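In our numbering, the protein residues as written are 232 to 1157. Note that beta-carbon positions come from the ideal geometry of N, C-alpha and C, so glycine has one too. These figures come from a predicted structure and were not determined experimentally.
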Amino acid sequence: MTTGEEDCFESLAYSLVRALDAWAVCVDGAVSKGRPARKTLVRLLERERHTPEWAARAAIDGPLLSYWLRGRGQLLPGTKHNRLPGVEDSAAVARALKAQAPGNAERLPDIGREISDLATRLQEAAGRGWRRRIGESSFVQADETGAPPRQRGNQGRRDVRVGGAAHVPAPRAPVGHGMEQATSFVGRTSELVAGSALLDRGRLVTLVGVGGVGKTRLARRLTRDVAHRFEDGVHCVELADLRHGHSVAAAITAAFGLHVSAEQDPLHELATALQGRRVLLFLDNCEHLLDGCARTVRTLLALLPGLRVIATSRQPLDIGEEHVLRVMPLDVPPVRDGSLRRKDATGLICPRSSAVALFADRAEAACPGFRVTSTNQAAVIQVCRMLDGLPLALEIAARRLRTLTLEELAQRIEHRFCLLGPGGGERTAPPRHRALRALFDWSWDLCTADERAAWQQLSLCAGGVLLTDAEQLCGAAFTRGTRAPVGDRAVDAFATLSGLVDKSLVNRVDAGGHTRLHMLETVRAYGLERLRESDHGQQAVRRHRACFLDLAARAGAAYGSAEQADWLRRLRPEHPNLRQIFTEVPPAGEPAEAVLRAAQGLWLHCLTSGKVGEGAHWMQMIIDRHPLPSESPGAVFSWCRAAWVAGFLLLMHGDRDNADRVIGKADQRLADLSASPGPSDVTADEGERAELAAAFLQLRGLAALMEQDIPQASAYALSSLTSGRWSAMLLTQPQCLAQLGLAAVMRGDRVRALALLKEALAISATRGDTWHRCYLLWILAIIHGEAGEIPEALGLLRCALRLVQDIEERMGEAVLSDTLAWLLASQGDARSAALVLGAVDRVWKPSGVPRHFGFAHMAAHRRRAVDQVRRTLGETAYAHVYREGQRLALREVLETAFAGHGALDGHHSQWADEGIGSGQALRLHR
């Protein structure tokens, strides 16, 4: 088997093990309580032999039933029976259980169907020896007792209530949808099988439970396990950072890469883009946006027959299509007369308790060498029981073993968690909220005063925060230009943050060699609640906003320098923080110039991160919220630079009318400023005014070029260049040269186009501008391709793709890939071209962005490539190869395509890295 086939087999085997365990849980949960007794159940099954449904099948006798009740144990080598409880067997057992255990009976057919389906697929994947392979694997050998885990909950018809199960070693995860977890996944076998079955039966499955019960973790594992069913992909949307129900639709469309204008219905556009596709959508944390989520999901399900939705929430969405999966706390061993009900041969606690297994696993990670013994097992049970088996609470408690003994931990929990008992909390609050509040009140009491202040401050950070930024936020009052606290305050800040990490209130992640801190949403929500109760809430908000506004402003100022790529990568993970700042009403007294300066960092960040629509929306809000100032020229210049960013993003988004409105307003204000008497520093102000005027001429030229008005586009660009004053941070000069070069390409003037583009490339290379070089190399590749110079074109394109991948610009990669398909088709490699077209299709669809940003001349090359490949391969072969490309990762396809062709990589790589010739600009022929 290949690695991919091995991964597939292992994932299917793991699913079968869980299904067999769940079947045993379901039946054993009934017979162990005598509903019905095992002997009665066997007699009822004997009668099945005489029913029409049973036909000529062999009976289910006592030994066979005992064999099935072993769960995964029936797969061990050397077992007597080969018969698994499939569809018909499960239906028979369900009929026998129906009278006395209707909840158990209802689940069995779905589990049996899952078992039959998995067995069939395993045989197809591995042949007749598939059972032996599984029986010898760690899935089965890790638990040889074969005794089924006990089920805690009951099930209703649609509201499935299941409990935890034993820890099962996880298989290697399938690659491609980002569902891997850093720590082991414990228990939840029954929930995973139930969720998989519900997703087969219904189109919306909502995981519902108390905060901290592990809904998100379970949903991610479920999503990972069923991802293979959805050939068109899995898309995850985190809703915790949203504040308004009307934002749900926009967040979902953004997750799919779809950009819509203010006049368009985002759900209608998404439905149009996804028609005929089989997609899984995962919505996380819906509880604070129930109405918005319910309306959005109901509409999407009505419009898209191939859509399935998994959601997590603290309460159901309450729409007709919903199937609710109740996520209960992990099961805790019952205690009778102070002793355990069951012990193993060594006297250790029974490993069947998922709560104990989770606590033991996390405690061993916190304190190497920790293990549950007959001596400490009573204290472990007390901790697990007092925390109600809540996974988040157990993980926090286990980490506390770094500073407390197990006995001290048990005593403190008993004292501080009195609110977990009946009537211990606020009487009007739901029980789950009382328990959650008690959990975090206890964590709050364990923190020092500095740790509490840091918890409150970091709770404002959406999507996490770099350690260096967290030190700045928590260690000293923020002042513009300060990158990190210094001296003793820096040491104190680091010690405080380390304390929060140790207390499991903050998680650390290695992000490209830098430490990034994340809070669980329930932890963050508690911190925000405490912040609202404090008398320093507004001060914390101002500090948070000032930090990230300054970050965006510094990024914008660096876009015209060699630091551009670093700043683009720096801003990418801060997008949730920027969203929070730019969409919320600023606090009273915040200087408008702080927001306007920060807006200068949005144009290139939003373009390269694929957030053009969202960025355009932000900029419209900023321009509307901060009217055009009439005071000092400096304030006017700040507003005009923000207006340029708004105009650029609106143009890229396809909103020409609003772009023209903003550009016209800024042009008029700059003209008025020029005509009015100026302050003492006239020279400096006039220079800045000239730079902005040239920038808006460049922007008007870009708009004309998109409309294919070549004379007007050339006139605007030439006027901008004639001014002699250009904004480095807005890349005015190289953009004007590129626009003139592109206009020359569209006119068929190859010599002039090459001269202009090489001049622009020299300027960009000298400055270290990565983004603009990508697109300049792209246009040069098209010029060489149109001249039949395919090796030269491929070399330029390969350099451009490397630069695009360096700044992780997804849409730029798609633009270049379409051009590569055209070049491959021109060279006669129709199969490679079709693979690239199929792979890049997954980026364009359902992005909603016009191909090549609306430049019709460039998009025509793709159409020619498609026509040529279809003629060469034939419709049937083309469709087959195209679909094959859709199943592959784009970068993998690109590397394979380039490997098969001799591109002049070295020569053109020097162009990309060092400029043209000596780096001196060529004379511009006008």
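Nonlocal neighbours in the same chain, by C-beta distance under 7 Å from Leu1034, ignoring five residues either side = Counting from 1 along the sequence shown, the entry for residue 1034 is found at position 803. Within the same chain, Leu1034 has close Cβ partners Thr1001, Arg1004, Cys1005 and Ala1143.
So what's Asn738 in DSSP terms, helix, strand or just coil?
-> As a working note, residue 738 is residue 507 in the sequence shown. In the structure shown, Asn738 sits in a strand (DSSP, three-state: E or B).
So, are the CB atoms of Asp898 and Phe868 less than 8 Å apart?
-> On the sequence shown, residue 898 is found 667 positions in, with the first residue counted as 1. On the sequence shown, residue 868 is found 637 positions in, with the first residue counted as 1. No, Cβ-Cβ distance for Asp898 and Phe868 is not below 8 Å.
Spatial neighbours of Phe1129 within its chain, please: CB distance less than 6 Å, with the 5 preceding and 5 following residues excluded, ordered by chain position.
-> Stepping through the sequence shown from its first residue, residue 1129 is reached at position 898. These residues qualify, in order along the chain: Arg1029.
Please report how far the alpha carbon of Arg249 lies from the alpha carbon of Ile541, in whole angstroms.
-> Here the question's residue 249 lines up with position 18 in the sequence shown. Here the question's residue 541 lines up with position 310 in the sequence shown. Roughly 20 Å separates the two Cα atoms.
If you draw a straight line from the C-alpha of Gly443 to the C-alpha of Phe671, how long is it?
-> Within the sequence shown, residue 443 is the residue found at index 212, counting from 1. Within the sequence shown, residue 671 is the residue found at index 440, counting from 1. Roughly 11 Å between the two C-alpha positions.
Could you tell me whether any non-hydrogen atom of the ligand GDP is closer than 7 Å to the CB of Leu272?
-> The ligand GDP is not part of this structure, which contains no ligands at all.
Touch test, the stretch 798 to 817 against the stretch 836 to 848, Cβ-Cβ under 8 Å, three pairs minimum = yes
Which term fits Asn313, buried or exposed, when burial requires 16 or more other beta carbons within 10 angstroms of its beta carbon?
-> Your numbering for residue 313 matches position 82 in the sequence shown. The residue is exposed, with fewer than 16 neighbouring Cβ atoms inside 10 Å.
Host beta strand (DSSP E) of Glu469 (start-end) | The residue you call residue 469 lines up with position 238 of the sequence shown. Val465 to Glu469 is the extent of the beta strand (DSSP E) around Glu469.
Please classify Gln354: is it buried, with 16 or more other beta-carbons within 10 angstroms of its beta-carbon, or exposed?
-> Translated into positions along the sequence shown, residue 354 becomes position 123. Exposed is the call here.
Would DSSP call Ser492 helix, strand or coil?
-> Here residue 492 is taken as the residue at index 261 of the sequence shown, counted from 1. Ser492: coil per DSSP, three-state reduction.
Looking only at C-alpha atoms, which of Leu833, Leu968 and Asp903 sits nearest to Leu929?
-> On the sequence shown, residue 929 is found 698 positions in, with the first residue counted as 1. As written in the sequence, residue 929 is Gln, which differs from the Leu given in the question. Checking every option, the nearest Cα to that of Gln929 belongs to Leu968.
Near Val826, what residues of its chain come up, given a Cβ to Cβ distance below 7 Å and the 5 sequence neighbours on each side ignored?
-> Along the sequence shown, one-based indexing puts residue 826 at 595. The answer, listed in chain order, is Leu780, Pro817, Ile853 and His857.
Could you tell me which of Met977, Leu973 and Leu704 sits nearest to Glu990, measuring between CA atoms?
-> One-based indexing of the sequence shown puts residue 990 at position 759. It is Leu973.
Assign Glu1123 to one of two classes, buried (16 or more other C-beta atoms within 10 Å of its C-beta) or exposed (fewer than that).
-> The residue given as residue 1123 occupies position 892 in the sequence shown. Flag for Glu1123 reads exposed.
If Gly706 and Asp723 are in contact, beta carbons under 8 Å, what's the gap, nearest whole angstrom?
-> Counting from one through the sequence shown, the residue named residue 706 turns up at place 475. Counting from one through the sequence shown, the residue named residue 723 turns up at place 492. With a Cβ gap of about 6 Å, Gly706 and Asp723 count as contacting.
Out of Glu319, Leu276 and Ala332, which has the shortest C-alpha to C-alpha gap to Val256?
-> Mapped onto the sequence shown, residue 256 falls at position 25. Here the closest residue by C-alpha is Ala332.
Three-state secondary structure assigned by DSSP to Thr437 = Your numbering for residue 437 matches position 206 in the sequence shown. Three-state result, Thr437: strand.
Nearest-angstrom Cβ-Cβ length linking Ala356 and Pro340, presumed shorter than 8 Å = Along the sequence shown, read from residue 1 onward, the residue named residue 356 stands at position 125. Along the sequence shown, read from residue 1 onward, the residue named residue 340 stands at position 109. So it is not a contact: roughly 25 Å between Cβ atoms.
Output yes or no for whether 8 Å exceeds the beta carbon distance between Phe416 and Val468.
-> As a working note, residue 416 is residue 185 in the sequence shown. As a working note, residue 468 is residue 237 in the sequence shown. Not a contact, by the Cβ cut-off of 8 Å.
Secondary structure at Phe416, three-state DSSP: helix, strand or coil?
-> For the purposes of this step, residue 416 is taken as residue 185 along the sequence shown, with counting starting at 1. The answer is coil: DSSP assigns Phe416 none of H, G, I, E or B.
Excluding five sequence neighbours on each side, which residues of the same chain lie with their C-beta closer than 8 Å to the C-beta of Pro497?
-> Taking the first residue of the sequence shown as 1, we reach residue 497 at position 266. Correct list, in chain order: Ala480, Ala481, Ile483, Thr484, Leu489 and Val491.
Could you work out which residue in Ala742, Asp940 and Ala783 is closest to His1088 when comparing CA atoms only?
-> In the sequence shown, counting from the first residue as 1, residue 1088 sits at position 857. Checking every option, the nearest Cα to that of His1088 belongs to Asp940.
Skipping 5 residues on each side, what residues in its chain have a beta carbon closer than 6 Å to that of Ala921?
-> Taking the sequence shown and counting its residues from 1, one reaches residue 921 at position 690. Taken in chain order, the residues that qualify are Ser954 and Arg956.
By a C-beta neighbour count over all protein chains shown, 10 Å radius and 16 as the cutoff for buried, is Lys192 buried or exposed?
-> Residue numbering for the chain in the displayed model covers 232 to 1157; residue 192 lies beyond these limits and cannot be assessed.
Under 7 Å Cβ to Cβ from Thr503, same chain only, skipping five residues before and after it: list those, please.
-> For the purposes of this step, residue 503 is taken as residue 272 along the sequence shown, with counting starting at 1. Result list for Thr503: empty, nothing under 7 Å.
Using the DSSP secondary-structure output, state which residues sit across from Thr746 in a beta bridge.
-> As a first step, residue 746 is located in the sequence shown; it is residue number 515 there, counting from the start. Thr746 pairs with Asp741.
Might you give, ordered along the chain, the residues of its own chain that have their beta carbon closer than 7 Å to the beta carbon of Ile1014, omitting 5 neighbours on each side?
-> Looking up residue 1014 in the sequence shown gives position 783. Taken in chain order, the residues that qualify are Val976, Arg981, Ala984 and Leu985.
Taking DSSP as the reference, what is the three-state secondary structure of Pro511?
-> Translated into positions along the sequence shown, residue 511 becomes position 280. A small fix is needed here, since residue 511 is Leu in this sequence, not Pro. The answer is strand: DSSP assigns Leu511 an E or B state.
C-alpha gap between Leu328 and Gln608, whole angstroms | Counting from one through the sequence shown, the residue named residue 328 turns up at place 97. Counting from one through the sequence shown, the residue named residue 608 turns up at place 377. Approximately 36 Å between the Cα atoms of the pair.
With distances taken between CB atoms, is the gap from Leu901 to Ala890 smaller than 8 Å?
-> Here residue 901 refers to the residue found at position 670 when the sequence shown is read from its first residue. Here residue 890 refers to the residue found at position 659 when the sequence shown is read from its first residue. In this structure, Ala890 does not lie closer than 8 Å to Leu901 by Cβ.
Kindly identify the DSSP beta-bridge partner or partners of Ile1173.
-> Look at the range of the chain in this structure, 232 to 1157, and you will see that residue 1173 is not part of it.
Give me the Cα-Cα distance between Ser1048 and Arg1102, rounded to the nearest whole angstrom.
-> One-based indexing of the sequence shown puts residue 1048 at position 817. One-based indexing of the sequence shown puts residue 1102 at position 871. C-alpha separation (whole angstroms): 20 Å.
Is it the case that the Cβ atoms of Leu535 and Leu505 are separated by a distance below 8 Å?
-> Taking the sequence shown and counting its residues from 1, one reaches residue 535 at position 304. Taking the sequence shown and counting its residues from 1, one reaches residue 505 at position 274. Their beta carbons are under 8 Å apart, which means Leu535 touches Leu505 by this criterion.
What is the rounded straight-line gap between the Cα of Gly523 and the Cα of Asp549?
-> Taking the first residue of the sequence shown as position 1, residue 523 is located at position 292. Taking the first residue of the sequence shown as position 1, residue 549 is located at position 318. C-alpha separation (whole angstroms): 12 Å.
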